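For reference, the structure is listed below as structure tokens.
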Amino acid sequence: MAKNNLNWDDLGNDIRDVIDKAIYSQDYSELNESVRNLVGNVINMGTDIFRRATGGGSGSYYDESDSGEYQDGSDSTPRAVPSAKNLPALYGDPSKITSGGVMKIIGGIVIGGGAVCLSALIAFVAWWFYMDFGLLTVLPALAGIVIGLPMVVSGGKQVGSANRFKTYRQILGQKTHCTIDRLAQGVGKSVKKVRKELKRMIDDGLFLEGHFDNEQTILITSDATYEDYQKSLIKQAEQSVKDKAKERESEKDAKLKEVLDRGNSFIAQIRACNDAIPGEEISGKISRMELIVRRIFERAETNPEIIPDLKKLMDYYLPMTVKLLNAYAEMDKQPVQGENIQAPKREIEETLDTLNIAFEKLLDELFSDTAMDVSSDISVLNTLLAQEGLTGDDFK
11 MAKNNLNWDD LGNDIRDVID KAIYSQDYSE LNESVRNLVG NVINMGTDIF
61 RRATGGGSGS YYDESDSGEY QDGSDSTPRA VPSAKNLPAL YGDPSKITSG
111 GVMKIIGGIV IGGGAVCLSA LIAFVAWWFY MDFGLLTVLP ALAGIVIGLP
161 MVVSGGKQVG SANRFKTYRQ ILGQKTHCTI DRLAQGVGKS VKKVRKELKR
211 MIDDGLFLEG HFDNEQTILI TSDATYEDYQ KSLIKQAEQS VKDKAKERES
261 EKDAKLKEVL DRGNSFIAQI RACNDAIPGE EISGKISRME LIVRRIFERA
311 ETNPEIIPDL KKLMDYYLPM TVKLLNAYAE MDKQPVQGEN IQAPKREIEE
361 TLDTLNIAFE KLLDELFSDT AMDVSSDISV LNTLLAQEGL TGDDFK
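Okay, so the sequence shown: first residue is 11 according to the working numbering, each after it adds one.
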């Protein structure tokens, strides 16, 4: 698509060059004609801009027949949106911005050109009567440049911004969302500058329902699309929570399996030691220990939250217990057992009694929450029965 953009920076440079040349050479013979030509060119260009801004003429910058698809046919944005007939309600009219910019340009050139002409007139009079030029001859020109040039530059920026708005619309086409990176490529500017310009356009009402995504990487031009985007964020957040919960549950299951596997390993080792020790009395103690330890891990399987309470049992007590039982089995199978064997065996047997008491106490503590819940439920039940007159003497 052909573009008829005006290079306002070059226009400002031309004005400055004409004035500088006249002042430097002290030749003002062509100054008036040069300024007149510049003003005439700007008026002609301004007329063309007005015609294109209002959609008239064959040189329209924005081709309404354009489908809005990118040249590569790709679409990296979230979703396609409302039909074409609804799209105009999403955009403001840039013609006022264009006309305002043109007026600034014309005003700036008129002010600057008039000041230069005044300086030329003063210089002519000074040369005619005094054969000399003074500082007074250049002051009007300098004042005109100081006032007029910023007006020209500002107006040029306004017109350029209005034209880029039309380009943004063309890139968007029938979509109500587009990456800022793609818009920046379309107008040949940096992403940072385009993002800043789009924010200003939203504030100026050119994008009537303009929004950015949370990362400010996508322009969204419809409230409906933005609402869908926010809903998608909520769904993503909910899914993330579910995924994390599932991950924690998986980790919890893995931890439980690890604990149960270790527990079964200790139980198997205790049983193996019991099989290796023929004594009836100590065998009863070991069997009792196996039963208690098995109940502890059964409790852990149905109530995984108690696993942290088993850390010392698994990391210290059970390994030491298995070590003592293996030592007892090794000493018990010796054919000759003197006092150096009998004494440690008796001490291990007494230690087994102590360990069984400790393990029983641990098992009892693991049921403390259940006991409290049962007690609370019974208390509530008794209260309800009493309120209904179904306890005690009420039956009599």
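Cβ atoms here follow ideal geometry from the backbone N, Cα and C, with glycine treated the same way.
Quick caveat, the model's predicted, so the values are computed rather than measured.
Separation of the CB atoms of Glu219 and Asp233 is rounded to 5 Å, and the pair is thereby assigned contact status at 8 Å. Sixteen is the threshold: since fewer than 16 other Cβ atoms of the shown chains lie within 10 Å of the Cβ of Ala99, the residue is exposed.
By the Cβ-count criterion, Met330 is exposed, with fewer than 16 other Cβ atoms from all chains shown falling within 10 Å of its own Cβ. DSSP places Leu335 in the helix class (H, G or I) of the three-state scheme. Per DSSP, Ile302 is one residue of the alpha helix (DSSP H) stretching across 290 to 312. When secondary structure is reduced to three states using DSSP, Thr235 falls in the helix class. Under the Cβ criterion (8 Å, minimum of three pairs), the segment 327 to 341 does not count as touching the segment 305 to 315.
Arg210 is positioned such that its CB atom lies no closer than 7 Å to that of Ile190. The distance from the Cβ of Val303 to that of Phe369 is about 6 Å, consistent with a contact at the 8 Å cut-off. CA-CA distance, Gly273 to Met324, rounds to 8 Å.
For Thr189, there is no enclosing alpha helix (DSSP H); the enclosing beta strand (DSSP E) has its first and last residue at 187 to 189. CA-to-CA, the gap between Ala172 and Gly102 works out to about 11 Å. Per DSSP, Leu229 is one residue of the beta strand (DSSP E) stretching across 228 to 230. The criterion of a C-beta distance shorter than 7 Å is satisfied by Glu359 and Ile292.
For Phe217, the secondary structure class from DSSP, reduced to helix, strand or coil, is strand. For Ile228, the closest C-alpha among the options Leu266, Lys322, Tyr178 is that of Tyr178.
About 3 Å separates the CB atoms of Gln168 and Gly111; that is less than 8 Å, so the two are in contact. Between Ile287 and Asp342, the C-beta gap is smaller than 7 Å, which places the two residues in contact.
A Cβ-Cβ distance of about 5 Å is found for the pair Phe175 and Pro104, placing them in contact under the 8 Å criterion. Here Asn284 is buried. Its C-beta has 16 or more other C-beta atoms within 10 Å. In the three-state reduction of the DSSP assignment, Phe377 falls in the coil class, being assigned neither a helical nor a strand state. Between Ala339 and the set Tyr326, Pro354, Glu349, the nearest pair of CA atoms involves Pro354.
Per the coordinates, the alpha-carbon of Ile212 lies some 59 Å from the alpha-carbon of Thr312. Cβ-Cβ distances below 8 Å link Leu365 to Met299, Tyr327, Thr331 in the same chain, with the five nearest sequence neighbours on each side left out; the list follows chain order.
Nearest Cα to Gly198 within the set Leu152, Gly170, Glu225, Leu372: Gly170.
A direct Cα-to-Cα measurement between Glu290 and Asp319 gives close to 33 Å.
When the five nearest sequence neighbours on each side are left out, the beta carbons in the same chain lying within less than 6 Å of the beta carbon of Lys114 are those of Met161, Ser164, Gly165, in order along the chain.
Our two residues, Leu208 and Gln240, have alpha carbons roughly 20 Å apart in a direct line.
As computed with DSSP, Phe222 is found in a beta bridge with Leu229. About 11 Å separates the beta carbons of Leu266 and Ile316, which is beyond the 8 Å limit, so they are not a contact pair. Ranking Thr235, Arg281, Asp214 by CA distance to the CA of Asp223 puts Thr235 first. Going by beta carbons, Ile157 and Ile121 fall inside the 7 Å limit. In this structure, Phe276 is the residue among Pro314, Phe276, Glu357 with its C-alpha nearest to the C-alpha of Leu301.
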